[in-house]
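S.K.: Numbering (my numbering) for the sequence shown: 16 to 147. Glycine included, each C-beta is placed from N, C-alpha and C at the ideal position. In this text, all values refer to a predicted model and were calculated from it rather than measured experimentally.
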Amino acid sequence: MDWTNAEWTDASVSLYREGVATYLSKQIVKDLSESVYYSYNSDGDPWFQCYKENEKQIKKRFLQDYIEGWTAEKEKEWFRLSGGDYFGYNRLGYFLGTSYMEYAVHTFGEREALTFWSENNLKSSVMEWLQK
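#1: Please determine, among Lys-41, Gly-59, Asn-20 and Asp-17, the residue with the shortest C-alpha to C-alpha distance to Arg-106.
#2: Would you call the stretch 23-32 and the stretch 136-146 touching, i.e. three or more CB-CB distances under 8 Å?
#3: Measuring CB to CB, does Met-116 end up less than 8 Å from Tyr-52?
#4: Out of Ala-21, Ser-27 and Leu-129, which has the shortest C-alpha to C-alpha gap to Glu-90?
#5: According to DSSP, is Ala-21 helix, strand or coil?
#6: Within the same chain, show all residues whose beta-carbon is closer than 7 Å to that of Arg-76, passing over the 5 residues directly before and after it, in chain order.
#7: Do you know how far the Cα of Ser-133 is from the Cα of Trp-62?
#8: In terms of residue numbering, what span does the alpha helix (DSSP H) encompassing Met-116 cover?
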């Protein structure tokens, strides 16, 4: 892959990068409360619970934002501390990214999932997964 031509600001790339980072954190430091991998403290349980209870709606809204065209405002909503207007919690894209990575590992195997972006159509794969 020619990394100079990578679409670093594409929604699928943000989702994948954050998913890989959290997936690897969970492999390196095991057996923490699930929310700690995202909040880095014990205060993230309500945030994680919001994601679990609304996962389908969250995926649907992310897909809608992606289809309508990714912007800096949407990046903020899904991946930045200053987001959180849609569901009352910021950075829900991190949960989506981790969920996508878990799907990719289950579907393709860990090695393939961790190198998926360099050899496959990441955008197409993420779009397909978001519709499941």
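M.R.: In this structure, then:
#1: For the purposes of this step, residue 106 is taken as the residue at position 91 of the sequence shown. Looking only at Lys-41, Gly-59, Asn-20 and Asp-17, the smallest Cα-Cα distance to Arg-106 is reached by Gly-59.
#2: As far as the Cβ criterion goes, the stretch 23-32 touches the stretch 136-146, which means the pair count is three or higher.
#3: The sequence position of residue 116 within the sequence shown is 101, counting from 1. The sequence position of residue 52 within the sequence shown is 37, counting from 1. No; because the gap between Cβ atoms is not below 8 Å, this pair is not in contact.
#4: Looking up residue 90 in the sequence shown gives position 75. Of the listed residues, the one whose Cα sits closest to Glu-90 is Ser-27.
#5: Looking up residue 21 in the sequence shown gives position 6. Ala-21: coil per DSSP, three-state reduction.
#6: As a first step, residue 76 must be located in the sequence shown, where it is residue number 61. Excluding positions up to five away in sequence, the list reads Tyr-101.
#7: Here residue 62 corresponds to residue number 47 of the sequence shown, with the count starting at 1. Here residue 133 corresponds to residue number 118 of the sequence shown, with the count starting at 1. Rounded to whole angstroms, Trp-62 to Ser-133 spans 32 Å at the Cα level.
#8: Numbered from 1 along the sequence shown, position 101 holds the residue referred to as residue 116. Residues 107-123.
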